[in-house]
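For the record, in the sequence shown the residue sitting at position 160 is 811 according to the working numbering, with numbers rising by one throughout.
Ideal Cβ placement from N, Cα and C applies to all residues, glycine included.
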Amino acid sequence: MYLFPDFLLTQSERFPHSTTSDSFSSFSSSPPPSPFDSIGDLVDGFGDLTLGFQSQPAKTPPVNYLCHLCFTKGHYIKDCPHARSKGEGLTPYQGKKRCFGEYKCSKCKRKWMSGNSWANMGQDCIKCHINVYPHKQRPLEKPDGLDVSDQSKEHPQHLCEKCKALGYYCRRIL
């Protein structure tokens, strides 16, 4: 038995005709009538709903504005024809050089940083042994902060997708 606030009940439900002294008379257990005859009608009803996301025409920027991606006038960076689509590439960085990457395993939530991060290459989590792609990448900087790592020490090649793809240490100079 459920109790409902008065504003949700009809007049007859608020004051049911009952001869018993029980102040909580039982309500009908049947569901309220549906405006839809079948599940198919219900699905069609949901299909008619719109979220109002019609594409808006691109706004024109001020006359002196240069796109920060291609450095030409006439469009904002979000409308740039040279922009890489969101789904393109597995990592934020798409260059050819090594960079600094921040990783977080989706399975065990372990976090680590590496100065041996590459475009579209991941590193295996040392606990879960699943490939993890960096969620942040930035250029290598001169050692002074958290980026500091012993450059003379080789990193674990069995965890590095780039090393495995090359078949040798990814920082080896040829």
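Item, Value
"Residue nearest to PRO743 in terms of C-alpha spacing, selected from GLY773, ILE690, HIS809, ILE781", "GLY773"
"Cβ shell of GLN634 (< 7 Å), same chain only, five flanking positions each side left out", "This structure gives no information on residue 634, because the portion of the chain shown stretches from 652 to 825."
"Buried versus exposed call for TYR754 [16 or more other C-beta atoms within 10 Å across all chains shown]", "buried"
"Short Cβ contact (7 Å threshold) for TYR784 with LEU741", "yes"
"When SER757, TRP769, GLY725, LYS778 are compared against GLN745, the one with the closest alpha-carbon", "TRP769"
"CYS756 and CYS779 closer than 7 Å at C-beta", "yes"
"Contact under 7 Å by Cβ, CYS776 with ARG761", "yes"
"Simplified DSSP assignment, three categories, for GLU805", "coil"
"Selection from GLU792, THR723, HIS726, TRP763 that minimises the alpha carbon distance to LEU810", "TRP763"
"Coil, strand or helix - LYS813 by DSSP", "helix"
"Residues near ARG823 by beta carbon distance below 6 Å, same chain, minus five either side", "none"
"Nearest-angstrom Cβ-Cβ length linking THR723 and LEU717, presumed shorter than 8 Å", "7 Å"
"LYS729, DSSP secondary structure in three states", "helix"
"Nearest neighbour of LYS758, chosen from ILE728, CYS750, ILE781, ARG749 [CA to CA]", "ILE781"
"Nearest-angstrom Cβ-Cβ length linking GLY752 and LYS729, presumed shorter than 8 Å", "Not really, about 26 Å apart at Cβ, beyond 8 Å."
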